[in-house]
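Shown next, in structure tokens, is the structure this report addresses.
In UniProt numbering, the protein residues as written are 1 to 556.
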């Protein structure tokens with residue numbers, strides 16, 4: 001829906017929205033669903049395989065899960081998320097999934113429009129977030145049913161479209177289509193604002209006279225928010241949910257890109273802001289010389305583009321893939337399946353227990369174990385190791401070493417890890433415990449490992465060593481929100497510090513975070529953030545004795 005008309009008249013005060021969600025990926029979509037009056041109840045026709053949890057659910061089966069004690073329900077549950085509510089919601093939607101079972105959900109969903117909380121979901125593109133930018137033909141790490149959102153069966157939307165009916169894993173193309181259709185099927189379109197870019201989020205305080213906001217006056221030049229499509233969000237129509245806890249509001253500023261490519265500024269006041277931006281905004285960089293050269297990329301989609309444009313073929317010099325995660329493995333598979341030679345560089349030892357491949361069942365992920373087998377068995381043999389005294393220490397020396405190219409990597413004749421019957425790609429070579437020293441403008445790279453330097457001519461580089469969130473719109477890029485405020489926010493090393501059952505930031509009341517920002521990188525678990533946040537907001541609303549009428553347009 002449009003947030004702004006092209007002929008917007010500026011208003012003295014922007015509208016006040018109870019909840020603004022920044023990010024329209026699966027996190028934002030799921031939260032919008034729960035805030036739109038959809039309530040999860042225990043399905044009395046089902047039995048949860050966990051008898052203790054089932055007994056707890058039976059005690060209050062007349063209440064929706066959002067109105068129950070999430071800490072009590074989560075107690076004693078174990079799962080592959082560090083957030084207890086994420087584990088709870090997952091086991092309600094996919095009981096015993098980690099044991100290979102496919103039990104039906106124990107929840108049934110009811111729409112209670114009087115429980116609707118008005119909200120806006122701001123996203124840079126159409127609903128689905130980063131899934132629209134992913135390589136469309138790759139298989140997801142998660143099963144298709146684990147990618148689905150509450151209330152709409154994934155298989156129902158993809159029936160008849162599967163490449164292989166025996167495979168339950170999905171492609172990003174299928175997933176992004178599912179998320180777009182989900183928003184339409186559940187009637188959530190009015191909450192979503194596409195093509196919006198948030199540039200600033202700052203906390204303000206409402207004055208006692210309610211005539212204005214401290215530091216909250218919006219200049220005429222900032223533009224206002226038009227009436228079009230913002231049903232129920234007129235200024236002064238919505239009372240502040242946080243009024244009794246200090247009356248703090250958040251000012252959300254940004255711009256919307258219209259069809260004619262015009263950028264129209266907007267400014268909103270929000271009582272609560274939810275960070276659901278994911279973690280794919282800023283790829284992690286190596287920080288080495290030559291990383292900005294035009295043949296060095298940080299996204300697997302660039303490999304897909306090169307293959308589609310036929311700038312790479314089996315006669316090309318090798319593609320260098322840097323990283324030991326699933327994105328790097330996807331790049332290896334993509335290149336090898338196109339008969340492109342691959343050099344695969346990673347810092348870890350092949351026996352490192354932290355390698356993601358060691359955590360994946362072979363039956364579900366045969367292609368990733370195929371990559372791992374090659375990482376172990378097709379390693380490069382260092383024939384003439386450089387001595388420490390001759391090791392290049394400067395760019396100029398490194399460049400001279402690159403002139404002595406190895407025409408083709410040699411393969412180790414060691415044992416093949418894992419299943420030896422797996423057909424491996426002959427034009428793949430791995431470099432365990434190696435790192436990149438530099439890239440050169442003449443399409444050469446210098447690698448270092450085992451006290452030696454190796455130089456190769458390459459056609460393309462893919463640096464796939466992870467991504468970090470980009471919270472540039474927050475004070476100090478949101479670093480003060482982390483578990484360690486002295487370090488940048490990182491989904492793995494330093495997620496945002498939240499209350500475990502409400503997902504509210506411990507350092508900022510009224511600011512919530514979910515998904516990868518709090519360590520839940522899988523769709524299967526990020527839905528727990530939606531449950532925790534919706535439960536928190538609904539309970540606060542109920543405590544104030546306020547209900548929402550007319551489908552959530554006004555408070556009474």
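In this text, a Cβ means the ideal position worked out from N, Cα and C, and glycines have one as well.
Computed from a prediction, not measured in an experiment: that's the story for all the values here.
For this session: Inspect the beta-carbon positions of residue 511 and residue 252 and report whether they are closer than 7 Å.
Result: no
Exercise. Skipping 5 residues on each side, what residues in its chain have a beta carbon closer than 7 Å to that of residue 357?
Worked result: 368, 369, 372
For this session: Just tell me which of 441, 290, 195 has its CA closest to the CA of residue 260.
Result: 195
Exercise. Since residue 513 sits in a beta bridge, which residues does DSSP pair it with?
Worked result: 275
Exercise. Per the contact definition of three or more C-beta pairs closer than 8 Å, is the segment 450-467 in contact with the segment 290-309?
Worked result: yes
Exercise. Quick one: complete alpha helix (DSSP H) runs, 4+ long, within the segment 355-380?
Worked result: 366-377
Exercise. Between residue 632 and the rest of its own chain, which residues show a CB-CB distance below 8 Å, the 5 nearest in sequence each way excluded?
Worked result: It is not possible to answer for residue 632, since the shown part of the chain is limited to 1 through 556.
Exercise. Distance, Cα to Cα, residue 309 vs residue 153?
Worked result: 36 Å
For this session: State the start and end residues of the unbroken beta strand (DSSP E) segment that holds residue 501.
Result: No beta strand (DSSP E) contains residue 501, which DSSP labels as neither H nor E.
Exercise. Taking Cβ positions, are residue 376 and residue 350 nearer each other than 7 Å?
Worked result: yes
Exercise. Of the residues 122, 346, 441, 360, which one's Cα is nearest the Cα of residue 296?
Worked result: 441
Exercise. If you draw a straight line from the alpha carbon of residue 360 to that of residue 379, how long is it in whole angstroms?
Worked result: 22 Å
For this session: Go ahead and pull the three-state DSSP assignment for residue 174.
Result: helix
For this session: For residue 530, I'd like the list of residues in its chain whose CB is within less than 6 Å of its CB, leaving aside the five on either flank, ordered along the chain.
Result: 30, 31, 34
Exercise. Can you tell me where the alpha helix (DSSP H) with residue 536 in it begins and where it stops?
Worked result: 523-543
Exercise. Between 293, 443, 433, 289, which lies nearest to residue 318 when the distance is taken from Cα to Cα?
Worked result: 443
Exercise. Starting from residue 578 and walking both ways along the alpha helix (DSSP H), at which residues does that stretch end?
Worked result: There is no way to answer for residue 578, as the model of the chain reaches only from 1 to 556.
Exercise. Are residue 557 and residue 502 closer than 7 Å when you measure CB to CB?
Worked result: Outside the shown range of the chain (1 to 556) lies residue 557, about which nothing can therefore be said.
For this session: Give the C-beta separation of residue 452 and residue 446 to the nearest angstrom, bearing in mind that I take them to be a contact with Cβ-Cβ under 8 Å.
Result: That pair is no contact at about 11 Å.
Problem set entry | Alpha-carbon to alpha-carbon, residue 201 and residue 118 | 19 Å
Exercise. Exposed or buried, what is residue 484 when buried is set at 16 or more other beta-carbons lying within 10 Å of its beta-carbon?
Worked result: exposed
Exercise. Taking the continuous beta strand (DSSP E) assigned at residue 255, which residues delimit it?
Worked result: 248-257
Problem set entry | Burial state of residue 499, where buried means 16 or more other Cβ atoms lie within 10 Å | exposed
Exercise. At what residues does the alpha helix (DSSP H) containing residue 91 begin and finish?
Worked result: 84-93
For this session: Give the DSSP-derived three-state secondary structure of residue 466 in the structure shown.
Result: coil
Exercise. From residue 482 to residue 326, what does the alpha carbon distance come to, in whole angstroms?
Worked result: 25 Å
Problem set entry | Best match in 64, 116, 99 for proximity to residue 39 [C-alpha to C-alpha] | 64
Exercise. Considering residue 41, what are the terminal residues of the beta strand (DSSP E) in which it resides?
Worked result: 38-42
Exercise. Going by the beta-carbon positions, is the gap between residue 73 and residue 88 smaller than 7 Å?
Worked result: yes
Exercise. Does the Cβ of residue 632 have 16 or more other Cβ atoms within 10 Å, making it buried, or fewer, making it exposed?
Worked result: In this structure the chain extends from 1 to 556, so residue 632 is not present and cannot be described.
For this session: Could you check the C-alpha separation between residue 544 and residue 103 for me, to the nearest Å?
Result: 38 Å
For this session: Could you name the residues that DSSP lists as bridge partners for residue 297?
Result: 462
For this session: Can you grab the Cα-Cα spacing for the pair residue 283 / residue 467, in whole Å?
Result: 4 Å
Problem set entry | Residues that DSSP places opposite residue 557 in a beta bridge | Nothing can be reported for residue 557: it is not among the residues displayed for the chain, which extend from 1 to 556.
Problem set entry | Entirely enclosed beta strand (DSSP E) segments - the segment 17-62, minimum 3 residues | 38-42
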